[in-house]
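Heads up: the structure comes next, in structure tokens.
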Amino acid sequence: MLVLHAPIEIRCDNEVETQDAGAHLASRLFAWARPCFVQLEGTLGAGKTTFARGFIREWLSLAGAEPPDLITSPTYNIVKAYPSGGGTALAHIDLYRVDTFAELEALGFEQYFFESGCCLVEWLERIPEALAARPLNAVTVRIEFESGGSRRKLT
Numbered sequence: 320m321l322v323l324h325a326p327i328e329i330r331c332d333n334e335v336e337t338q339d340a341g342a343h344l345a346s347r348l349f350a351w352a353r354p355c356f357v358q359l360e361g362t363l364g365a366g367k368t369t370f371a372r373g374f375i376r377e378w379l380s381l382a383g384a385e386p387p388d389l390i391t392s393p394t395y396n397i398v399k400a401y402p403s404g405g406g407t408a409l410a411h412i413d414l415y416r417v418d419t420f421a422e423l424e425a426l427g428f429e430q431y432f433f434e435s436g437c438c439l440v441e442w443l444e445r446i447p448e449a450l451a452a453r454p455l456n457a458v459t460v461r462i463e464f465e466s467g468g469s470r471r472k473l474t
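The numbering of the sequence shown is our numbering, which starts it at 320 and goes up by one.
See below:
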């Protein structure tokens, strides 16, 4: 189990730096903690999907899968599963349009939360029961705007 004793803060001034931060976390988790679960928190437009884009590209590359050219948030599909030779390399879940734990159960969340090589989830905090159901080794990344609106703080 990966245990961080103190929060890590990263400041990003643009989309490239935010994607790089995502790629860096993916490379660390791929080496240390598989399967892994990453919860992304932040307001609309904070940079969760930008962070996820870098994370997904790096994770898939490390898993031997070809990352797609276009990586978007699965806001309408809710789940985007990225396969690799040995099964699901990564599942990206966006719960913005999911309101209840019953809806999450209907999606078969356990398959993604516990059986994917990595599960990357946006908006998990919208469903309190889901917070209790996440894996014990979950990593939370909070993305916040800093003064001026273009700089992000990731913790």
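Glycine is no exception: its CB is placed at the ideal position from the N, C-alpha and C atoms.
Problem - Under the three-state DSSP convention, the category residue 431 falls into - result: When secondary structure is reduced to three states using DSSP, residue 431 falls in the helix class.
Exercise for the section: In angstroms with no decimal places, state the Cα-to-Cα distance between residue 334 and residue 427. Expected result: Cα to Cα, residue 334 sits roughly 32 Å from residue 427.
Handout entry: residue 439, DSSP secondary structure in three states
Key = Residue state, collapsed to three classes: strand.
Handout entry: Given residue 439 as reference, the closest of 369, 384 and 332 once Cα atoms are compared
Key = Minimum Cα distance to residue 439 is reached at 369.
Exercise for the section: Would you kindly work out how many angstroms separate the C-alpha atoms of residue 412 and residue 398, rounded to a whole number? Expected result: C-alpha separation (whole angstroms): 5 Å.
Problem - Run of the beta strand (DSSP E) containing residue 335, from where it starts to where it stops - result: Looking at the DSSP string, residue 335 is not in any beta strand (DSSP E); the run it does join, the alpha helix (DSSP H), is 334-351.
Problem - Spatially closest choice to residue 436 from 375, 364, 424 and 392, by CA coordinates - result: For the set 375, 364, 424 and 392, the Cα lying nearest the Cα of residue 436 is the one of 375.
Problem - Beta-carbon separation (whole angstroms), residue 419 vs residue 373, contact threshold 8 Å - result: So it is not a contact: roughly 31 Å between Cβ atoms.
Problem - Nearest-angstrom Cα separation, counted from residue 364 out to residue 350 - result: Straight-line Cα distance between these residues: approximately 30 Å.
Problem - Beta-ladder partner(s) of residue 459, from DSSP - result: In the DSSP assignment, the residues bridged to residue 459 are 358.
Problem - Residue from 392, 403, 395 and 344 with nearest C-alpha to residue 385 - result: Check the Cα spacing between residue 385 and each of 392, 403, 395 and 344: the tightest is with 403.
Exercise for the section: With a cut-off of 8 Å on the beta carbons, I'd call residue 463 and residue 361 a contact; round off their distance for me. Expected result: About 6 Å; that satisfies the 8 Å criterion.
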